[in-house]
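>
Number of protein chains: 2
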Amino acid sequence: MKFGIAVFPSKKLQDLANSYRKRYDPHYSLIPPHLTLKEPFDATDDEINEIAKKLGDVAKHAAPFTLRAYKISSFQPVNTVIYMKVDAVPELLSLYESLHSSEFGGESQYSFVPHITIAQKLSNDEHSDVYGSLRMAGVDHEETVDRFHLLYQLENGSWTVYETYRLGGDS
Amino acid sequence: MKFGIAVFPSKKLQDLANSYRKRYDPHYSLIPPHLTLKEPFDATDDEINEIAKKLGDVAKHAAPFTLRAYKISSFQPVNTVIYMKVDAVPELLSLYESLHSSEFGGESQYSFVPHITIAQKLSNDEHSDVYGSLRMAGVDHEETVDRFHLLYQLENGSWTVYETYRLGGDS
Chain X
0 MKFGIAVFPS
10 KKLQDLANSY
20 RKRYDPHYSL
30 IPPHLTLKEP
40 FDATDDEINE
50 IAKKLGDVAK
60 HAAPFTLRAY
70 KISSFQPVNT
80 VIYMKVDAVP
90 ELLSLYESLH
100 SSEFGGESQY
110 SFVPHITIAQ
120 KLSNDEHSDV
130 YGSLRMAGVD
140 HEETVDRFHL
150 LYQLENGSWT
160 VYETYRLGGD
170 S
Chain V
0 MKFGIAVFPS
10 KKLQDLANSY
20 RKRYDPHYSL
30 IPPHLTLKEP
40 FDATDDEINE
50 IAKKLGDVAK
60 HAAPFTLRAY
70 KISSFQPVNT
80 VIYMKVDAVP
90 ELLSLYESLH
100 SSEFGGESQY
110 SFVPHITIAQ
120 KLSNDEHSDV
130 YGSLRMAGVD
140 HEETVDRFHL
150 LYQLENGSWT
160 VYETYRLGGD
170 S
């Protein structure tokens, strides 16, 4: 089974992200707007029970963090993903590192760029157009995040929440 | 904000439900297959904090239950919802009652028929056709449920998980 770890921002920020995703993100109907903390990984039922427990420990020793989405950016030329760039505050970086320790399969092959995707799988021409207008629209939003979720993927590609973890362990 | 309380069954049962929902349920992309424990209700941020805490108490005093989906049924003539009928075991009924005490707004206007919707908003003719074939296909599935989720609805009608509660309080 495929699992992932993500933060869902507030309804307000999700609604804003969805107003763009609806037109520009083919994953719009598969998962709510989110900040990925750990890319999808495979695990068996036994493994995930173990991982779920360890995640409780990670959450307990982590702290709530300020999610500040402060500009629209793009991964081009690597790909045509357009996203809300999220401030890489120490609490968030520390949480990300805890989720990429050797216990959790070690470092990612990518460096961590905290973001909320609002457009993807665009052609280069679409990307130019959409990126221009979204960058103009901009974003300036701040909120406190006090939880993250462990999710698994169904056969149709959509994601279901398995467990919720409170940062600081106040559950 | 609109909130709801639901159980997501295992991936296996969700995949089966989605194989039908994809064609017959316009809510297919708004929420994963689920068993509703409490119909959508409105709450402010303050109210939901209070409710979220009380739900922790409810979960702690509830017990995991066996979810047995044992036949395909329909709410006709009330409406054209077709669903997997779920065994109304005592633990599930008790949990439902706890979620409809005076603390949580009291009794529902409907009697509780535990179910997982697989088709809805069909015309009467569609209903006849689809119900006939789904009833023939049938369902016979059993699993243990040890958690439920509090969700909220976004502006586009989709649902995001806010909190996960473990039955028996083992979190």
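Listed in order, the protein sequences are those of chains X and V. Those letters in the first sequence? Residues 0 to 170, per numbering that gives the first Met the number 0, in order. Those letters in the second sequence? Residues 0 to 170, per numbering that gives the first Met the number 0, in order. From the three backbone atoms N, C-alpha and C, an ideal C-beta is built for every residue, glycine too.
#1: So, is Q108 (chain X) buried or exposed, given that buried needs 16 or more other C-beta atoms within 10 angstroms?
#2: Mapping the DSSP letters down to three states, classify L54 (chain V) as helix, strand or coil.
#3: Consider the Cβ of L98 (chain X): report whether some Cβ of chain V lies at a distance smaller than 9 Å.
#4: Taking the alpha carbon of K59 (chain X) as the reference point, which residue from X:F111, X:E90, X:S9 and X:Y161 has its own alpha carbon closest?
#5: For H140 (chain X), does the three-state DSSP call read helix, strand or coil?
#6: Would G3 (chain V) be called buried (16 or more neighbouring beta carbons within 10 Å of its own) or exposed?
#7: What does a CB cutoff of less than 6 Å around P31 (chain V) pick up in its chain, not counting 5 residues either side in sequence?
#8: Cβ atoms of A68 (chain V) and E141 (chain V): under 9 Å apart, would you say?
#9: Among the residues of its own chain, which have a CB less than 6 Å from the CB of A87 (chain X), if the five just before and after it don't count?
#10: Measuring only between beta-carbons, confirm whether P39 (chain V) sits less than 9 Å from chain X.
#11: Could you give the distance in angstroms between the alpha-carbon of P76 (chain X) and the alpha-carbon of L54 (chain V)?
#12: Return the chain-ordered ranges of every alpha helix (DSSP H) run that is complete within the region 39 to 104 of chain V and spans a minimum of 4 residues.
#13: Which residues of chain C have a Cβ atom closer than 9 Å to the Cβ of H148 (chain V), listed in chain order?
#14: In the region 61 to 77 of chain V, which residues sit with their C-beta less than 8 Å from some C-beta in chain X, listed in chain order?
#15: Over what stretch of residues does the beta strand (DSSP E) that includes Q152 (chain V) continue unbroken?
#16: Is any beta-carbon of chain V found at less than 9 Å from that of Q13 (chain X)?
#17: Along the chain, where does the beta strand (DSSP E) containing K1 (chain V) start, and where does it finish?
#18: I need the boundaries of the alpha helix (DSSP H) containing Y19 (chain X), first residue and last residue.
#19: Step through the CB atoms of chain X and report whether any lies within less than 9 Å of the CB of S28 (chain V).
#20: Check this for me: beta carbons of D139 (chain X) and L166 (chain X), under 9 Å apart or not?
#21: Out of V:L36, V:L133 and V:L149, which has the shortest C-alpha to C-alpha gap to Y82 (chain V)?
#22: How many Å lie between T79 (chain V) and T159 (chain X) at the Cα?
#23: Short check: CB of D176 (chain V) to CB of T116 (chain V), under 9 Å?
#24: Between the C-alpha atoms of N17 (chain X) and E154 (chain X), what's the straight-line distance to the nearest angstrom?
#25: Which same chain residues end up closer than 8 Å to E102 (chain X) when comparing Cβ atoms and leaving out the 5 residues on each side of it in sequence?
#26: Please tell me whether F111 (chain V) and A5 (chain V) are closer than 9 Å, where the distance is taken between their beta carbons.
#27: Would you mind sorting L36 (chain X) into buried or exposed? The rule is 16 or more other CB atoms within 10 Å of its CB.
#28: Can you check whether the CB of L94 (chain V) is closer than 9 Å to the CB of F229 (chain V)?
#29: Could you tell me whether the Cβ of L153 (chain V) comes closer than 9 Å to any Cβ of chain X?
#30: Measuring only the C-alpha atoms, how far is A136 (chain X) from V129 (chain X)?
#31: How many angstroms separate the CA atom of K11 (chain X) from the CA atom of G104 (chain X)?
#32: Let me check understanding here. Comparing Cα to Cα, which of X:S9, X:L29, X:Q119 and X:V85 lies closest to L150 (chain X)?
#33: Looking at D41 (chain V): is its Cβ nearer than 9 Å to the Cβ of M0 (chain V)?
Result, derived from the coordinates:
#1: The residue given as residue 108 (chain X) occupies position 109 in the first sequence. So Q108 (chain X) ends up on the exposed side.
#2: Here residue 54 (chain V) corresponds to residue number 55 of the second sequence, with the count starting at 1. Three-state DSSP puts L54 (chain V) in a helix.
#3: The count along the first sequence starts at 1 and reaches residue 98 (chain X) at position 99. Answer no: the Cβ-Cβ gap between L98 (chain X) and chain V never drops below 9 Å.
#4: Mapped onto the first sequence, residue 59 (chain X) falls at position 60. When only C-alpha atoms are compared, the closest one is X:E90.
#5: One-based indexing of the first sequence puts residue 140 (chain X) at position 141. Of the three classes helix, strand and coil, the one that applies to H140 (chain X) here is strand, per DSSP.
#6: Along the second sequence, read from residue 1 onward, the residue named residue 3 (chain V) stands at position 4. With 16 or more other Cβ atoms within 10 Å, it is buried.
#7: Locating residue 31 (chain V) in the second sequence gives position 32, where the first residue counts as 1. Closer than 6 Å at the Cβ level, and outside the excluded window around P31 (chain V), lie F7 and Q13.
#8: As a working mapping, residue 141 (chain V) is identified with position 142 in the second sequence. As a working mapping, residue 68 (chain V) is identified with position 69 in the second sequence. Contact flag set, yes.
#9: Counting from one through the first sequence, the residue named residue 87 (chain X) turns up at place 88. Counting only Cβ-Cβ distances below 6 Å, and skipping sequence neighbours, we find P113.
#10: The sequence position of residue 39 (chain V) within the second sequence is 40, counting from 1. Output row for P39 (chain V): interface = no.
#11: Numbered from 1 along the first sequence, position 77 holds the residue referred to as residue 76 (chain X). Numbered from 1 along the second sequence, position 55 holds the residue referred to as residue 54 (chain V). Their Cα atoms are separated by approximately 47 Å.
#12: 44 to 59 and 89 to 97
#13: No chain C appears in this structure, whose protein chains are X and V.
#14: none
#15: By 1-based counting over the second sequence, the position of residue 152 (chain V) is 153. Per DSSP, Q152 (chain V) belongs to the beta strand (DSSP E) from R146 to Q152.
#16: As a first step, residue 13 (chain X) is located in the first sequence; it is residue number 14 there, counting from the start. Closer than 9 Å to some Cβ of chain V, the Cβ of Q13 (chain X) qualifies, so yes.
#17: Position 2 of the second sequence holds residue 1 (chain V). K1 to V6 is the span of the beta strand (DSSP E), which, as asked, contains K1 (chain V).
#18: Numbered from 1 along the first sequence, position 20 holds the residue referred to as residue 19 (chain X). Element bounds for Y19 (chain X): K10 to Y23.
#19: Looking up residue 28 (chain V) in the second sequence gives position 29. Interface residue, yes.
#20: Stepping through the first sequence from its first residue, residue 139 (chain X) is reached at position 140. Stepping through the first sequence from its first residue, residue 166 (chain X) is reached at position 167. Not in contact: D139 (chain X) and L166 (chain X) (Cβ atoms no closer than 9 Å).
#21: In the second sequence, the residue the question calls residue 82 (chain V) occupies position 83. It is V:L133 whose Cα lies nearest to the Cα of Y82 (chain V).
#22: Indexing the second sequence from 1 puts residue 79 (chain V) at position 80. Indexing the first sequence from 1 puts residue 159 (chain X) at position 160. So the alpha carbons of these two residues sit roughly 26 Å apart.
#23: For residue 176 (chain V) there is no data in the structure shown, the boundaries of chain V being 0 and 170.
#24: Residue 17 (chain X) sits at position 18 when you count from the first residue of the first sequence. Residue 154 (chain X) sits at position 155 when you count from the first residue of the first sequence. In a straight line, the C-alpha of N17 (chain X) is about 23 Å away from that of E154 (chain X).
#25: To locate residue 102 (chain X), count along the first sequence from 1; it is residue 103. Taken in chain order, the residues that qualify are K53.
#26: Taking the second sequence and counting its residues from 1, one reaches residue 111 (chain V) at position 112. Taking the second sequence and counting its residues from 1, one reaches residue 5 (chain V) at position 6. The answer is no: Cβ separation not under 9 Å.
#27: Numbered from its first residue, the first sequence carries residue 36 (chain X) at position 37. With 16 or more Cβ atoms within 10 Å of its Cβ, L36 (chain X) is classed as buried.
#28: Since the displayed chain V opens at 0 and closes at 170, residue 229 (chain V) lies outside it and no answer follows.
#29: By 1-based counting over the second sequence, the position of residue 153 (chain V) is 154. Taking Cβ atoms only, chain X reaches closer than 9 Å to L153 (chain V), which makes this a yes.
#30: Your numbering for residue 136 (chain X) matches position 137 in the first sequence. Your numbering for residue 129 (chain X) matches position 130 in the first sequence. Going from the Cα of A136 (chain X) to the Cα of V129 (chain X) covers about 11 Å.
#31: Counting from 1 along the first sequence, the entry for residue 11 (chain X) is found at position 12. Counting from 1 along the first sequence, the entry for residue 104 (chain X) is found at position 105. Each residue's Cα considered, the two are about 34 Å apart.
#32: Taking the first sequence and counting its residues from 1, the one referred to as residue 150 (chain X) is at position 151. When each option's Cα is compared against that of L150 (chain X), the closest is X:L29.
#33: Reading the second sequence from its first residue, position 42 is the one you call residue 41 (chain V). Reading the second sequence from its first residue, position 1 is the one you call residue 0 (chain V). Yes, the Cβ-Cβ distance between D41 (chain V) and M0 (chain V) is below 9 Å.
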